[in-house]
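In full-length UniProt numbering, the protein residues as written are 1 to 91.
Beta carbons are placed, not taken as given, at the ideal position from N, Cα and C, and that holds for glycine.
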């Protein structure tokens, strides 16, 4: 399951993006009971939401909104963060 863990480089990229985006309020990294590495991000603004990001089996990344329909899939982590960032203004 270690291959599905976020790397130090991915975490550094996430942290840099977090510091740049004032709508990204707080985040936490957790591992669920199945061993899945999850970055949970609270996004403020007009439509507050929580987005959970994980690595997909095989390759790629997945982001899901909690409490609403929303899903993003990307082949690289930076593209996933772009999708999460762009989705902050979606209604």
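With distances taken from CA atoms, which of the options is nearest residue i?
i          : options        : result
residue 6  : 85, 70, 81, 55 : 55
residue 51 : 32, 24, 8, 79  : 24
residue 66 : 73, 59, 43     : 43
residue 58 : 11, 12, 76, 14 : 76
residue 11 : 78, 72, 70     : 78
With residue i as the anchor, note down where its beta strand (DSSP E) starts and where it stops.
i          : result
residue 37 : 37–43
Spell out the partners DSSP gives residue i in its beta bridges.
i          : result
residue 50 : 42
residue 64 : 52, 71
residue 30 : 38
Just how far apart, CA to CA, sit residue i and residue j?
i          : j          : result
residue 68 : residue 80 : 18 Å
residue 53 : residue 39 : 5 Å
residue 36 : residue 62 : 12 Å
residue 16 : residue 48 : 21 Å
residue 31 : residue 83 : 23 Å
residue 28 : residue 21 : 16 Å
residue 4  : residue 33 : 14 Å
residue 46 : residue 85 : 14 Å
residue 1  : residue 60 : Any reading at residue 1 needs caution, since the residue's pLDDT is 47, under 50, leaving its predicted position unreliable; the model's value is listed next. One C-alpha to the other measures close to 15 Å.
Considering residue i, what are the terminal residues of the alpha helix (DSSP H) in which it resides?
i          : result
residue 20 : 8–20
residue 78 : 77–86
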